[in-house]
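**Q** Here the protein sequences come in this chain order: A and X.
In this text, residue positions in the first sequence follow my numbering: the first is 113, and each later residue adds one.
In this text, residue positions in the second sequence follow my numbering: the first is 113, and each later residue adds one.
Don't be surprised by glycine CBs; every beta carbon is placed ideally from N, CA and C.
All values derive from a computational prediction rather than experimental measurement.
Quick one: this structure, given as structure tokens, is what I'll be asking you about.
There are 2 protein chains.
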Amino acid sequence: MSQPIDTPKTDRRILRSRRALNDAILDLLLEKPYEAITIQDITDRADLNRATFYLHYGSKEELVVTALEEQFDQLQSGVPNLAGNDLPAVWRSEYLAIFHYVADHADLYKALLGEQGTAYLAYRILEYIAQDCEMGHLDLLGKAASKTAVPLTLISWHIAGSLFALLVWWLQNDLPCPPEEMVGYAEQLNVNGVLAAFSLPPQSGLPAAHG
Amino acid sequence: MSQPIDTPKTDRRILRSRRALNDAILDLLLEKPYEAITIQDITDRADLNRATFYLHYGSKEELVVTALEEQFDQLQSGVPNLAGNDLPAVWRSEYLAIFHYVADHADLYKALLGEQGTAYLAYRILEYIAQDCEMGHLDLLGKAASKTAVPLTLISWHIAGSLFALLVWWLQNDLPCPPEEMVGYAEQLNVNGVLAAFSLPPQSGLPAAHG
DNA sequence: CTATATAATTGACATCCTGTTGATTATTGT
DNA sequence: ACAATAATCAACAGGATGTCAATTATATAG
């Protein structure tokens with residue numbers, strides 16, 4: 113997203129070190145709570161000197177954020193582009209992608225979003241979802257919001273908060289139901305709830321959440 | 113909530129130390145981000161030796177949770193008991209209490225719930241709200257949930273997540289509107305959204321959110 | 001009111017984590 | 001193959017943490 117994948121000028125050692133640090137923290141997050149991971153742990157796992165870490169990253173937070181960017185790119189690339197379709201279809205497509213992605217990396221996100229995680233990341237994720245909501249659905253939500261006194265930004269944060277809480281619950285309870293079921297719940301609570309609050313028709317073809 | 117307020121057998125020094133530590137961390141949270149506060153900082157501010165801290169609390173987290181219990185008790189005592197009234201009235205009463213309470217301690221909660229805070233506390237608060245929802249409104253929500261396939265617990269987490277996100281947004285934007293306005297938004301998005309999703313009538317007497 | 005038992009407080013110790021600096025080593029481009 | 005570059009490393013100083021034995025303040029019995 114930020115750097116071209118193949119810049120011949122960058123030193124081979126840099127790529128090797130960054131890759132090793134990147135993999136190391138993702139490994140360690142599956143074994144220890146975030147707070148308990150030290151720079152020494154990371155560089156031990158990466159087979160590097162501790163000082164080398166500071167040549168590439170200023171802090172643990174910076175490394176984690178960078179490591180997760182990679183993961184998010186993976187998520188985004190998996191979402192089919194439905195621009196031009198109706199909002200409910202786009203919404204369900206994104207929800208399906210999100211819940212499947214989280215299911216695929218459940219251990220990692222259980223560590224990151226639970227009480228052992230870091231508020232910095234949780235807040236960034238909440239903000240990311242809210243902004244994605246606001247940017248992506250300006251058209252229909254904007255129309256809906258104009259009929260009410262609720263600012264568009266608050267609607268987005270409401271949706272983001274709901275999705276965030278559902279994800280936390282799902283993870284902390286060890287994924288007790290499949291992603292499709294969660295998407296059904298999220299649609300009913302979140303999407304239809306918001307639409308109904310603004311007297312808009314519910315999304316077409318909502319299946320009764322399967323039991 | 114846990115201890116009788118006046119047990120003559122407890123050593124005067126204990127009460128004095130606990131009170132001092134309690135006040136110290138609440139003071140410091142207004143000046144430094146949570147992670148940056150050290151045990152030394154706390155005991156310096158409390159005029160105690162650093163070792164004394166460990167006689168009373170096992171960690172910073174434990175102290176903060178204890179210090180906040182006091183605050184929460186203060187909140188609970190301010191909520192009028194409306195048992196027997198209809199759900200919307202109870203709901204609005206609680207929302208008003210929450211938003212006013214947060215406004216009264218805005219600096220503290222901005223520090224605790226922002227990206228400088230701690231995931232441990234944020235998660236505890238989210239869980240607390242969700243459980244409060246589930247326990248307090250079993251009657252009407254239970255009826256509603258029985259008509260759908262959405263588990264009651266998920267409805268509660270949805271509501272808690274929405275409220276949590278609205279509070280975070282409100283705090284991070286330096287309380288750009290009065291508590292009453294936020295309660296109006298929360299009612300429309302959250303309460304009426306949920307009710308509408310389950311084909312229940314919206315709460316009586318909902319005022320058009322004032323502009 | 002005093003003396004004694006109790007236990008809260010303290011100063012000091014060993015250990016660990018952090019961030020940086022100068023010396024060493026590997027890589028790039030000529 | 002060689003010189004310039006800069007990434008890596010070992011070692012250092014500064015702080016934070018958690019835990020002692022020794023000291024001091026408190027509560028209670030006589």
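What is the rounded straight-line gap between the Cα of L238(A) and the Cα of F211(X)?
**A** Their backbone Cα atoms lie some 20 angstroms apart in a straight line.
**Q** Could you tell me whether the Cβ of R236(X) comes closer than 9 angstroms to any Cβ of chain A?
**A** Closer than 9 angstroms to some Cβ of chain A, the Cβ of R236(X) qualifies, so yes.
**Q** Tell me the rounded alpha-carbon separation between E299(X) and R204(X).
**A** The alpha-carbon atoms of E299(X) and R204(X) are separated by roughly 7 angstroms.
**Q** Sorted by chain position, which residues of the same chain lie with C-beta nearer than 8 angstroms to D159(X)'s C-beta, five sequence neighbours on each side aside?
**A** These residues qualify, in order along the chain: A132.
**Q** What is the rounded straight-line gap between the Cα of A179(X) and the Cα of L187(A)?
**A** Approximately 40 angstroms between the Cα atoms of the pair.
**Q** Quick check on the DSSP output: the alpha helix (DSSP H) that includes I237(X) runs from which residue to which?
**A** First-last of the alpha helix (DSSP H) with I237(X): A231 to G248.
**Q** Could you check the C-alpha separation between I241(A) and A272(A) for me, to the nearest Å?
**A** Cα to Cα, I241(A) sits roughly 5 angstroms from A272(A).
**Q** For M247(X), count neighbouring C-beta atoms within 10 Å of its own C-beta (all shown protein chains included) and say buried if the count is 16 or more, exposed if not.
**A** Its Cβ having fewer than 16 others within 10 Å, M247(X) is exposed.
**Q** If you follow the alpha helix (DSSP H) that Q228(A) is part of, which residue opens it and which one closes it?
**A** Unbroken run through Q228(A): none, as it is neither H nor E.
**Q** What does a CB cutoff of less than 8 angstroms around Q284(A) pick up in its chain, not counting 5 residues either side in sequence?
**A** So the list reads K222 and G226, once near-sequence residues are dropped.
**Q** Could you check whether the Cβ of V295(A) sits closer than 9 angstroms to any Cβ belonging to chain X?
**A** No, its Cβ sits nowhere closer than 9 angstroms to a Cβ of chain X.
**Q** From which residue to which residue does the alpha helix (DSSP H) around A148(A) run?
**A** Here A148(A) belongs to no alpha helix (DSSP H), and DSSP marks it neither H nor E.
**Q** Kindly indicate which three-state DSSP category A261(A) falls into: helix, strand or coil?
**A** In the structure shown, A261(A) sits in coil (DSSP, three-state: anything other than H, G, I, E or B).
**Q** Looking at chain X, is there any beta carbon in it that lies within less than 9 angstroms of the beta carbon of Q243(A)?
**A** Taking Cβ atoms only, chain X never reaches closer than 9 angstroms to Q243(A), which makes this a no.
**Q** Between the alpha carbons of D139(A) and Y232(X), how many angstroms are there, rounded?
**A** C-alpha separation (whole angstroms): 22 angstroms.
**Q** Less than 9 angstroms between CB atoms is the rule here; does G273(X) satisfy it with respect to chain A?
**A** Yes, G273(X) counts as interfacial toward chain A.
**Q** Taking its Cβ as the centre, do 16 or more other Cβ atoms sit within 10 Å of A148(A), making it buried, or is it exposed?
**A** Flag for A148(A) reads exposed.
**Q** Does the beta-carbon of F184(A) have 16 or more other beta-carbons within 10 angstroms, so that it is buried, or is it exposed?
**A** That one is exposed.
**Q** So, is N304(X) buried or exposed, given that buried needs 16 or more other C-beta atoms within 10 angstroms?
**A** Under this definition N304(X) is a buried residue.
**Q** Just how far apart, CA to CA, sit Y207(X) and Y213(X)?
**A** If you take the alpha carbons of Y207(X) and Y213(X), they lie about 10 angstroms apart.
**Q** For N161(X), count the other beta carbons within 10 Å of its own beta carbon; 16 or more makes it buried, fewer makes it exposed. Which is it?
**A** N161(X) comes out exposed.
**Q** When you compare each of T265(X), L278(X), V262(X) and E182(X) to T265(A) by their alpha carbons, which one comes out closest?
**A** Among T265(X), L278(X), V262(X) and E182(X), the Cα nearest to that of T265(A) is on L278(X).
**Q** I need the boundaries of the alpha helix (DSSP H) containing T164(A), first residue and last residue.
**A** From DSSP, the alpha helix (DSSP H) with T164(A) extends over R162 to H168.
**Q** Within the same chain, show all residues whose beta-carbon is closer than 6 angstroms to that of L224(A), passing over the 5 residues directly before and after it, in chain order.
**A** Within the same chain, L224(A) has close Cβ partners L233.
**Q** Would you list, in chain order, the members of the stretch 141-168 of chain A that have their beta-carbon closer than 7 angstroms to a beta-carbon of chain X?
**A** If the cut-off is 7 angstroms between Cβ atoms, the stretch 141-168 of chain A has nothing near chain X.
**Q** What residues in its chain sit with their C-beta under 6 angstroms from that of A209(A), if we drop five residues either side in the sequence?
**A** Only G190 and V191 meet the Cβ criterion.
**Q** Check H212(A) in the structure and name its three-state DSSP category.
**A** Three-state result, H212(A): helix.
**Q** Rounded to the nearest angstrom, how far is the Cβ of V262(X) from that of L301(A), given a contact under 8 angstroms?
**A** That pair is a contact at about 6 angstroms.
**Q** Classify L287(X) as helix, strand or coil using the three-state DSSP reduction.
**A** Residue state, collapsed to three classes: coil.
**Q** For G296(A) and H217(A), I'd like the C-alpha separation in whole angstroms.
**A** Cα to Cα, G296(A) sits roughly 20 angstroms from H217(A).
**Q** Keeping to the same chain, check which residues put their C-beta closer than 6 angstroms to that of F276(A); ignore five residues upstream and five downstream.
**A** Counting only Cβ-Cβ distances below 6 angstroms, and skipping sequence neighbours, we find L238.
**Q** What residues from chain A crowd round Y221(X), counting only those whose CB sits closer than 7 angstroms?
**A** Result: empty, since nearest Cβ-Cβ is about 13 angstroms, beyond 7 angstroms.
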